[in-house]
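In the numbering used here, the protein residues as written are 1 to 87.
Here a beta-carbon is modelled for each residue, glycine too, at the ideal position from N, C-alpha and C.
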């Protein structure tokens, strides 16, 4: 066994990119097949954008990116308090 520590950041980055691209694909599909095309999407009474395949894909990708950044930030913060950490 080696004492070398391998970083998991590239794995997290690849996973995040894959999930964001999948969210974009799902948003594109929902926007293309949705019956409310051309209507305005409202969230908490605030009009955000007109529903179209591209706008739904971008909204899904942006929302997924924000959630993943928050999740990874919380994990990084919590890992500072790990008493069994190697490094």
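Looking only at its own chain, which residues have a Cβ that is under 6 angstroms from the Cβ of residue i, when we skip the five neighbours before and after it?
i	result
residue 61	20, 23 and 24
residue 65	20
In chain order, what residues of the same chain have a beta carbon less than 8 angstroms from the beta carbon of residue i, not counting five sequence neighbours either side?
i	result
residue 31	37, 51, 52, 53, 54, 55, 56 and 57
residue 42	48
residue 72	12 and 16
residue 34	51 and 56
Closest to residue i by CA distance: which of the options is it?
i	options	result
residue 63	27, 34 and 39	27
residue 9	44, 76 and 65	76
By the 10 Å Cβ neighbour count, where 16 or more other Cβ atoms means buried, how is residue i classified, buried or exposed?
i	result
residue 59	buried
Can you name, in chain order, every residue of its own chain whose Cβ lies under 7 angstroms from the Cβ of residue i, other than the five neighbours on each side?
i	result
residue 81	none
List the DSSP bridge partners of residue i.
i	result
residue 83	Beta-bridge pairing links residue 83 to no other residue.
residue 42	47
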